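Colleague: Read top to bottom, the protein sequences are chains A and B.
Using the numbering used here, read the first sequence as starting at 26 and increasing by one per residue.
Using the numbering used here, read the second sequence as starting at 29 and increasing by one per residue.
Just passing along the structure, written as structure tokens.
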Amino acid sequence: MREKPVCFAWFVLHFLLITTFSCRETLWVVAQGQTIFPSFFNSFSQKAGTVMDAALGQHLAASNPTRQALTTYLHIAGIEKGYGYFAPNVPASYKVVFELHYPDGSVEYQLPHVHSAAAGLRLACLLDEIARTRHDTLREYLVKMLASSIWRDHPDVTAIRAVFGSISLPNINEFEHGKRESYEFLYAYDFSRSDKATELETP
Amino acid sequence: METWRERISHFLFPAESDTWLAVLRLGLGLQVILYALSLQNDWTYLLTGTGNGLIGRNLGEAMLSLESHFVPRLGWLVTLGASFGLREETVLSIAWIFLLGAGCGLVIGLLCRSAAILAWFLHLCAAESGGFVSYGVDNFMTIGLFYLMLSPLPDRYSLDWQLRELGLKNPQLLGFWRRVLQLHLCVIYFFSGFTKCLGSGWWDGSNLWRALISPPSNVIAPELLVRWKYLFPVAGVFICILETGYPFLIWGRRTRKIWLICICGMHIAIGLTMGMYLFALVMIVLNAAAFGPSFVFHQSEPNRIRRAEPAMID
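Printed below as a string of structure tokens:
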């Protein structure tokens, strides 16, 4: 078979990338201190993760052709992420509630909405992203975009307050004793009509 | 005695029939159809860039450009469409129709290679442009469609093969691509299982409870779930063992059948109890294609091929 050497070379590179990315994510999880490993593993994992980042060209400039080529390949092959789903522990869920203020002083509450259950799962992922981001500006922008989608459906609203919170879930014992899910406040953003006109329209 | 080069060659290039490829093509075709239909009413809303959607795709694409300018995205298609005077909504609708058409093409096996490339490209564009609203199912669809597009299509069960009377593909090349899929699944399950083992919540069942009651995956009422509370720790440990043990026990003749049934059972349970039907389907399809045909179909041809040139592990 003529293609064997090419296939073999591709195979080695492909699986090197897959395993390196998977190891890097596992090390990241350990470095965060979210695992059953003793804490002295955390700094070791952080250092090992940095070495892997370097090996994967993540320390090169974003415009570097090698890094660009590698990143492109990772994305088109679908191997740019690790596989730690629901691991090491199930992450928190989040919720955003919009408080709509009308000119007559009345207040209405709205949730972001989509048309199908499949899109509902994607909306939940978006809320996870909003909660996970370490950049306040990005978080505010994403919440503002969500508020903008609500504003389109309610054009007469003068101001919107977006309240972003995590859903606190009871464990089994707590549930048996009557405790139910509750919301923990994380962030609140106020958007006025002038915000909408000037900032919401432009990324 | 075989040299190490021969051993690697036999392992990576075992002679295989194209039954596994037919399973992958049919399964991913169905997956693409269901994916497109499930987002039919939200497609434009999630992926528009004009400010009429949920958050728009402009930010996702801008962040993607920081990583690489060459990853496919819907913005390319919208720009191309604009040069022909097409509005963004029209381009997005055309993309959706073509994605659905590519899924149908894969299911019936018509223009298999083109359909696989089109499905991979359009799905990738949607997944990358809508990066903020993407999740695991998109990742696995990209992986599956990437391998499908590179595999030696068409298979003999496809309409292409029937219409064009094509010859059989190189069995070693078929074996190589199946091996790639098999090994990738092993890496996926090992790291998924290993990372779960590191969390205390999988050993006492609390993670399973949390997964089942967290919105929007809370399909079953907690009042019903709590009656089964003694099963959670067992099920949590079972999932850890099942996933971590996958790369070691899926290869053996005796354990393959039971491991495959258990893994597929786990994904069916995820689909039914958490409402993640698309995620469940794509994982079942990938597993069935990678490890299924050898014991599901019991057809004579692969066995004949294997006898002629035995795979290393079988």
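Ideal placement from N, C-alpha and C gives every residue a C-beta, glycine not left out.
In this text, all values refer to a predicted model and were calculated from it rather than measured experimentally.
Listed from N- to C-terminal order along the chain, which residues in the segment 164-178 of chain B have their beta-carbon within a distance smaller than 7 Å of any beta-carbon of chain A?
Modeller: G164, N167, T170, I171, F174
Colleague: Run through the segment 99-132 of chain A for me and flag every whole alpha helix (DSSP H) of 4 or more residues, listed as ranges in chain order.
Modeller: none
Colleague: If you scan the segment 39-104 of chain A from start to end, which runs of the alpha helix (DSSP H) of 4 or more residues do you find wholly inside it?
Modeller: Segments of the alpha helix (DSSP H) lying fully in the segment 39-104 of chain A: 65-80, 90-102.
Colleague: Ends of the alpha helix (DSSP H) at A/R161?
Modeller: Working through the first sequence from its first residue, we reach residue 161 of chain A at position 136. It is worth fixing the name first, because residue 161 of chain A is Asp in this sequence and not Arg. Unbroken alpha helix (DSSP H) run through A/D161: 161-178.
Colleague: Shorter than 8 Å from the beta carbon of B/Q200 to some beta carbon of chain A?
Modeller: For the purposes of this step, residue 200 of chain B is taken as residue 172 along the second sequence, with counting starting at 1. Closer than 8 Å to some Cβ of chain A, the Cβ of B/Q200 qualifies, so yes.
Colleague: Note down, in chain order, each residue of its chain lying with its Cβ closer than 7 Å to the Cβ of B/A64, except the 5 sequence neighbours on either side.
Modeller: Position 36 of the second sequence, counted from the start, is the residue given in the question as residue 64 of chain B. Counting only Cβ-Cβ distances below 7 Å, and skipping sequence neighbours, we find W124, L127, L128, G131.
Colleague: Just to make sure I have the definition right: I need the residues of chain A whose C-beta is within less than 7 Å of the C-beta of B/N235. Which are they?
Modeller: Numbered from 1 along the second sequence, position 207 holds the residue referred to as residue 235 of chain B. Around B/N235, the beta-carbon contacts reaching into chain A at under 7 Å are F111, N114, V115.
Colleague: Does DSSP put B/Y73 in a helix, in a strand, or in coil?
Modeller: Position 45 of the second sequence, counting from 1, holds the residue named residue 73 of chain B. Residue state, collapsed to three classes: helix.
Colleague: Can you tell me the Cα-Cα spacing of B/L211 and B/A316, whole angstroms?
Modeller: Position 183 of the second sequence, counted from the start, is the residue given in the question as residue 211 of chain B. Position 288 of the second sequence, counted from the start, is the residue given in the question as residue 316 of chain B. So the two alpha carbons sit approximately 14 Å from each other.
Colleague: Quick check: B/F260 and B/L226, are their CB atoms within less than 8 Å of each other?
Modeller: Residue mapping note: residue 260 of chain B aligns to position 232 of the second sequence, counting from 1. Residue mapping note: residue 226 of chain B aligns to position 198 of the second sequence, counting from 1. Going by C-beta atoms, B/F260 is not nearer than 8 Å to B/L226.
Colleague: From B/F168, B/I278, B/K224, pick the residue whose C-alpha is nearest to that of B/R207; which is it?
Modeller: Locating residue 207 of chain B in the second sequence gives position 179, counting from the first residue. For the options B/F168, B/I278, B/K224, the alpha carbon positioned closest to that of B/R207 is the one of B/I278.
Colleague: Out of B/E193, B/M177, B/W231, B/T72, state which residue places its alpha-carbon closest to the alpha-carbon of A/H140.
Modeller: The count along the first sequence starts at 1 and reaches residue 140 of chain A at position 115. The shortest Cα separation from A/H140 among B/E193, B/M177, B/W231, B/T72 belongs to B/T72.
Colleague: For the pair the segment 150-163 of chain B and the segment 83-92 of chain B, tell me if three or more CB-CB distances fall below 8 Å.
Modeller: yes
Colleague: Beta-carbon of B/T76 versus every beta-carbon of chain A: anything under 8 Å?
Modeller: Indexing the second sequence from 1 puts residue 76 of chain B at position 48. With 8 Å as the cut-off, B/T76 does not count as an interface residue toward chain A.
Colleague: How would you label B/W189, buried or exposed, when you count the other beta carbons within 10 angstroms and need 16 or more for buried?
Modeller: Mapped onto the second sequence, residue 189 of chain B falls at position 161. Answer is buried; the Cβ neighbour count reaches 16.
Colleague: Is the beta carbon of B/P243 sitting closer than 8 Å to the one on A/I192?
Modeller: Mapped onto the second sequence, residue 243 of chain B falls at position 215. Mapped onto the first sequence, residue 192 of chain A falls at position 167. In this structure, B/P243 lies near A/I192, with their beta-carbon atoms less than 8 Å apart.
Colleague: Do you know whose CA, among A/C32, A/F33, A/T60, A/K29, lies nearest B/K224's CA?
Modeller: In the second sequence, residue 224 of chain B corresponds to position 196, counting from 1. For B/K224, the nearest C-alpha among the options comes from A/T60.
Colleague: Using beta carbons (cut-off 8 Å, strictly below), is B/N315 in contact with chain A?
Modeller: Walking along the second sequence from the start, residue 315 of chain B turns up at place 287. No, its Cβ sits nowhere closer than 8 Å to a Cβ of chain A.
Colleague: When the Cα atoms are used, what is the spatial distance from B/L253 to A/S118?
Modeller: As a first step, residue 253 of chain B must be located in the second sequence, where it is residue number 225. As a first step, residue 118 of chain A must be located in the first sequence, where it is residue number 93. Distance between the alpha carbons of B/L253 and A/S118: 19 Å.
Colleague: Within 8 Å of any Cβ in chain A, is that where the Cβ of B/H38 sits?
Modeller: Residue 38 of chain B sits at position 10 when you count from the first residue of the second sequence. Not an interface residue.
Colleague: By the criterion of Cβ-Cβ separation under 8 Å, what are the contact partners of B/L67 in chain A?
Modeller: The residue you call residue 67 of chain B lines up with position 39 of the second sequence. Ordered by position in chain A, the residues that pass the 8 Å Cβ test against B/L67 are S141, A143, A144.
Colleague: Could you spell out where the alpha helix (DSSP H) holding A/D153 opens and where it closes?
Modeller: What you label residue 153 of chain A is simply residue 128 of the first sequence in a count that begins at 1. Start and end: 142-157.
Colleague: With distances taken from CA atoms, which of A/K204, A/E124, A/T158 is nearest A/V182?
Modeller: By 1-based counting over the first sequence, the position of residue 182 of chain A is 157. Closest by alpha carbon: A/E124.
Colleague: How about A/L52 and A/G74: are their beta carbons less than 8 Å apart?
Modeller: To locate residue 52 of chain A, count along the first sequence from 1; it is residue 27. To locate residue 74 of chain A, count along the first sequence from 1; it is residue 49. It is a contact, given that the beta carbons lie within the stated cut-off.
Colleague: Within 8 Å, do at least three Cβ pairs link the segment 103-114 of chain A to the segment 144-162 of chain A?
Modeller: no
Colleague: Take B/A144 as the anchor and find which of B/P180, B/T118, B/F98, B/D46 has the nearest alpha-carbon.
Modeller: Sequence index remark: in the second sequence, residue 144 of chain B carries index 116 (1-based). Answer by Cα proximity: B/P180.
Colleague: Starting from A/Y214 and walking both ways along the beta strand (DSSP E), at which residues does that stretch end?
Modeller: For the purposes of this step, residue 214 of chain A is taken as the residue at position 189 of the first sequence. That run of the beta strand (DSSP E) goes 207-217.
Colleague: State whether the segment 269-288 of chain B contacts the segment 29-47 of chain B, with contact taken as three or more CB pairs (one from each stretch) at a distance under 8 Å.
Modeller: no
Colleague: Check whether the segment 193-204 of chain A and the segment 126-142 of chain A touch, using three or more Cβ-Cβ pairs below 8 Å as the test.
Modeller: no
Colleague: Less than 8 Å between the beta carbons of B/V135 and B/G320, yes or no?
Modeller: On the second sequence, position 107 is the one that residue 135 of chain B refers to. On the second sequence, position 292 is the one that residue 320 of chain B refers to. Cβ atoms of B/V135 and B/G320: not closer than 8 Å.
Colleague: Where does the unbroken beta strand (DSSP E) through B/S111 begin, and where does it stop?
Modeller: Within the second sequence, numbered from 1, the residue matching residue 111 of chain B stands at position 83. Premise fails: B/S111 lies in the alpha helix (DSSP H), 102-111, not in any beta strand (DSSP E).
Colleague: Residue range of the alpha helix (DSSP H) that B/V135 falls in?
Modeller: In the second sequence, residue 135 of chain B corresponds to position 107, counting from 1. Per DSSP, B/V135 belongs to the alpha helix (DSSP H) from 116-136.
Colleague: Residues of the segment 207-223 of chain B in Cβ contact with chain A at a cutoff of 9 Å, in chain order, please.
Modeller: R207, V208, L211, H212, V215, I216, Y217, F218, F219, S220, G221, F222, T223
Colleague: Can you tell me whether B/R335 is buried or exposed? The criterion is at least 16 other CB atoms within 10 Å of its CB, across all chains shown.
Modeller: For this step, residue 335 of chain B is matched to residue 307 along the second sequence. With a pLDDT of 39 at B/R335, under the threshold of 50, the modelled position of that residue is not reliable, and no figure is offered here.
Colleague: Cα-Cα, which of B/A249, B/S96, B/R101, B/F149 is closest to A/T97?
Modeller: The residue given as residue 97 of chain A occupies position 72 in the first sequence. Of the candidates B/A249, B/S96, B/R101, B/F149, the one whose C-alpha sits nearest the C-alpha of A/T97 is B/S96.
Colleague: Answer yes or no: does any C-beta atom of chain B fall closer than 8 Å to that of A/K204?
Modeller: The residue labelled residue 204 of chain A in the question sits at position 179 within the first sequence. Not one chain B Cβ lies under 8 Å of A/K204.
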